[in-house]
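Before any comments, here is the structure.
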Amino acid sequence: MRADSHDHDTAPEIDPARLPRHVAIVMDGNGRWARARHLPRTVGHQRGRRAVRATIRAAMRRGVPLLTLFAFSSENWKRPVDEVDALMKLFINALEKELDELDENGVRLTFIGERSRLDASVRRLMEAAEARTAGNDRLQLQIAVSYGGQWDILQAARQLAERHARSPLALDDPETLHSAFETGLATAGQPPVDLFIRTGGERRLSNFLLWQAAYAELYFIDVLWPLFDESEFDRALTWFAGRERRFGRVDSNEANQ
Ligand code: IPE
Ligand code: IPE
Ligand code: MG
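If you want it as structure tokens, here you go:
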């Protein structure tokens, strides 16, 4: 993938100071894309890869530092075994094929999710990709596989309980409690989600980054994931740049009145 392949003449200007630090995407709509074309659902998933490549390219071009993609949820294990197998194969395939190029482009790959539910071969591949790209810093591409927001919160809570039992922490102090809890999340040390994108028309979180998206701007579009591209990503960034984020405070224009 080339980071400069987008047509600069048609790309909108976006103030770099108003870029999100963390974009999270629920890549939904592959099945419906396929069904509309009388194709098997897995063909939709295959087609989704193109959109993934375009999104990574767009994030790099704009200078978004962290992109988290929801590839497979805790609940997706309930799909028919054939579809789960096909999704896992596709994931392995994409990882093997794209790794060289991602590494060459300075992309750091990380994975979040319940790894114990994945095959050992998949886990090894993920660990190798993480180790190989650990020194890259152009874009952090984080893939959520077998991930659920509730799983993440519960495993962080369990870690905190274990740590506290070993050596008591000052959990009565709200700041200590907050930071001690966050160190156990799969996303420890990362900025919270600024922009949460969901394609495919549904307006729900589907158990994605629940804690991390507490103050995210939510961007829902009907476009099915296989049709998402660089200009769709730019549109989302442009929309985000126009948001007034208050975080519970009053409007910045009213603050001095
Ligand atoms: C999203 O597409 C991909 C995954 C959940 C892995 P879907 O497979 O959910 O597509 P729709 O929602 O059925 O169209
Ligand atoms: C969310 O999509 C999960 C991923 C995109 C990986 P789903 O299609 O699984 O979500 P629901 O079932 O419509 O909520
Ligand atoms: Mg879906």
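Just so we're aligned: 538 in this note's numbering is position 2 of the sequence shown, and the numbers increase by one with no gaps anywhere. Positions of the beta carbon are idealized from the N, C-alpha and C atoms, including for glycine. The structure displayed is predicted, hence computed values, not measured ones.
Closest in alpha carbon position to Arg577, among Phe732, Arg644, Val562 and Leu626, is Leu626.
Residue pairing for Phe608: DSSP places it in a beta bridge opposite Val681. In the structure shown, the three-state DSSP call for Glu637 is helix. Counting only runs that start and end inside the stretch 564-602, the alpha helix (DSSP H) elements of at least 4 residues fall at 566-571 and 577-598. Take Leu635, set aside five residues on each side of it, and the residues of its chain with a beta-carbon closer than 6 Å to its own are Ala665, in chain order.
Relative to Arg653, the option among Phe769, Ala692, Ser610 and Arg615 whose CA is nearest is Ser610. Take the alpha-carbon of Thr723 and the one of Leu603: they are about 12 Å apart. Measuring C-alpha to C-alpha distances from Gly725 to each of Arg557, Pro552, Leu575 and Asp551 identifies Arg557 as the nearest. Contact check for Ile689 against Trp747 passes: the beta carbons are separated by less than 8 Å.
The DSSP-derived three-state label of Leu773 is helix.
With contacts defined by Cβ atoms closer than 8 Å, Glu711 and Asp564 do not form a contacting pair.
The stretch 671-686 makes no contact with the stretch 697-707, as fewer than three CB pairs between them are under 8 Å. Residue pairing for Tyr755: DSSP places it in a beta bridge opposite Ile733. Nearest neighbour of Asn612 by Cα position, chosen from Leu721, Glu650 and Ala667, turns out to be Glu650.
Cβ neighbours of Ile648 within its own chain (closer than 7 Å, five residues either side excluded): Gln678, Ala680, Tyr683, Ala722 and Thr723.
Taken through DSSP and simplified to helix, strand or coil, Ile648 comes out as strand.
In the structure shown, the three-state DSSP call for Ala670 is coil. Nearest to Leu696 by C-alpha distance, out of Trp687, Asp708, Phe717 and Gln676, is Phe717.
Going by DSSP, Ala706 is part of no alpha helix (DSSP H) at all; its letter is neither H nor E. The stretch 655-670 makes no contact with the stretch 583-596: fewer than 3 CB pairs, one atom from each, lie closer than 8 Å.
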